[in-house]
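Everything on this sheet refers to the single structure shown next.
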Amino acid sequence: MPKGETGKLGKTCTGAGTPWGLIYRVLKGTTSNPVSTVKGADGHIIADPEESVRYMMNSFWPEDAEGEGQETEVLARLRQAIEERARAYEEQCRRALPDEEEPPYTEYEVRSVTGRARGHKAPGPDMICGQVLQALTEELLPHVTQLYNAGLALGYHPRPWKGDLEKAAPKADKKDYTVVKAYRLLSLTDELGKDQERLGVRRFMWRAENQGWIHPRQYGFRAGRSVDMAMGGIESAAERAISSRRALLLMVFDVEGAFNKSCHSALLEGLAQRGCPPGLFCQVSSFLSDRQCTLVINGYSATKRLTRGFPQGVIWSPPLWDVHDDRVLRHIEDIAGEMRDAEAEEE
């Protein structure tokens with residue numbers, strides 16, 4: 000047992016015999032909040048724990064994003080057009096496979112992923128710990144390299160790696176843990192699948208950064224970017240406005256359930272507009288299609304096929320969200336440009 004884990008076990012055992020130890024904290028309710036049944040849509044606690052798990056699953060992964068059921072005819076036609084363009088581009092990419100311009104993964108690339116330090120993280124549904132793959136890197140290297148290159152050539156993410164085991168993690172400092180919004184779903188996936196994702200994401204992000212797929216002012220989930228840099232940009236804009244005695248408009252909005260409600264066809268259509276290479280495009284499309292997740296709480300489970308969203312805790316999700324969100328940033332930038340032009344005309 001690792002030294003750190005031994006220390007934790009010793010601390011727990013030592014404290015068990017004291018009147019103010021673990022037993023006291025459990026009775027007092029000051030330990031971390033375990034997931035129990037939650038309130039339903041009517042505001043009352045759901046008595047059946049199995050029904051509670053199903054309700055949480057459907058709340059986290061809705062069939063349709065809020066407001067889609069009441070969309071206008073114009074929006075419905077726009078949505079259909081986006082889906083058709085994404086589907087047509089995928090058909091074009093499938094015919095172009097294998098992508099001769101996308102070189103196969105080298106053993107050096109694969110070794111850097113499979114042999115990386117993994118730490119003591121929970122395994123996925125296959126119960127294979129990452130440290131096992133790390134220790135067996137050299138023995139497995141020729142086999143997994145061939146496997147990952149087959150996925151790249153076929154534009155395919157294997158179905159066994161698309162089954163997510165979901166954990167409902169309580170958010171910190173919430174007053175009421177009987178509401179769904181007090182929890183965050185984290186996905187546990189197979190380590191072999193994660194390694195294939197890492198290889199794909201590396202090439203994807205290289206193209207995204209070098210070919211302008213992501214807005215230059217997108218600070219989330221990008222190497223060398225941080226919240227401090229974003230705040231610095233806001234402060235600089237405020238200082239310029241104050242020094243020139245001009246007004247400064249700050250727009251702040253929060254997208255509720257942003258990852259879970261993201262539209263797959265909108266992302267794929269965005270990649271098509273950027274000319275995403277066939278191999279990478281088909282891998283992303285395959286990664287998103289036919290996914291299913293299983294939420295297990297206190298021995299009760301619910302399984303659902305995902306038709307939208309990017310699972311949190313999955314390697315592909317952050318870069319895909321950056322591309323998905325990109326059109327919002329560019330639209331806001333266009334609005335700002337129109338406002339500047341209008342101001343210039345008035346002067």
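The sequence shown stops at residue 346 when you use numbering that gives the first Met the number 0, and every number in between is there. We treat Cβ as the ideally placed atom computed from N, Cα and C, and that holds for glycine.
Close Cβ partners of residue i (< 7 Å) along its chain, the five nearest in sequence each way excluded
i      : result
LEU270 : PHE280, VAL283 and VAL322
THR136 : ARG110, THR113 and GLY114
GLU82  : SER264
LEU26  : Reliability fails at LEU26, whose pLDDT of 49 lies under 50, so the model's placement of it is uncertain and the value that follows must be treated cautiously. So no residue of the chain qualifies.
THR188 : GLY123, TRP160, ASP163 and VAL313
SER58  : VAL179
ALA181 : PRO169, LYS170, LYS173 and ASP175
LEU266 : LEU319, VAL322 and HIS323
LEU120 : Checking the displayed sequence, the identity of residue 120 turns out to be Lys instead of Leu. GLY129.
ARG245 : none
GLU62  : THR306
PHE203 : LEU279 and PRO318
Classification of residue i by the beta-carbon crowding that lies within 10 angstroms, buried from 16 upward
i      : result
ASP227 : exposed
PRO215 : exposed
GLN145 : exposed
ALA75  : exposed
TRP205 : exposed
VAL131 : exposed
LEU151 : buried
ARG307 : buried
ILE368 : The requested residue 368 does not occur in the structure, where the chain is confined to residues 0 to 346.
ALA301 : buried
TYR36  : Checking the sequence, you will find Thr at residue 36 rather than Tyr. So THR36 counts as buried.
HIS330 : exposed
GLY219 : exposed
LEU198 : buried
VAL73  : exposed
ILE296 : buried
GLY129 : buried
SER285 : buried
VAL251 : exposed
GLU344 : exposed
SER225 : exposed
Bridge-paired residues (DSSP) for residue i
i      : result
ARG290 : LEU305
LYS38  : ILE44
ALA168 : ARG183
VAL295 : SER300
GLY162 : GLN291
Same chain, Cβ closer than 8 Å to residue i, neighbours up to 5 away in sequence not counted
i      : result
GLN133 : THR113, GLY114, ARG115, ALA116 and ARG117
VAL143 : VAL109, THR113, LEU191 and ASP194
GLY232 : ARG216
LEU139 : THR113 and LEU132
TYR107 : none
CB of residue i within 7 Å of CB of residue j, strictly
i      : j      : result
TRP315 : GLU196 : yes
GLU208 : ARG84  : no
TYR147 : TYR104 : yes
PRO318 : GLU101 : no
LEU185 : GLN311 : yes
LEU294 : MET56  : yes
GLU90  : TYR299 : no
ALA168 : ARG183 : yes
TYR54  : ILE44  : no
ALA237 : LEU247 : yes
ASP47  : ILE213 : no
SER243 : PHE309 : no
LYS303 : THR177 : no
Helix, strand or coil at residue i according to DSSP, with G and I counted as helix
i      : result
SER225 : coil
GLY336 : helix
ILE331 : helix
ASP325 : helix
LEU266 : helix
LEU75  : The residue asked about is misnamed: residue 75 is Ala in this sequence, not Leu. Looking at ALA75 - three-state DSSP - the assignment turns out to be helix.
LEU247 : coil
GLY154 : coil
TYR176 : coil
TRP212 : coil
THR113 : helix
ALA240 : helix
GLU50  : helix
GLY219 : coil
GLY232 : helix
THR105 : coil
LYS120 : coil
CYS128 : coil
ARG201 : helix
PHE252 : coil
GLY274 : coil
Sequence-distant residues of the same chain with beta carbon closer than 6 Å to residue i, five excluded per side
i     : result
ARG94 : none
CYS92 : PRO277, PHE280 and CYS281
LEU96 : GLY154 and PRO277
Interface flag, residue i vs chain C, CB-CB below 7 Å
i      : result
PRO317 : No chain C is part of this structure, which consists of one protein chain only.
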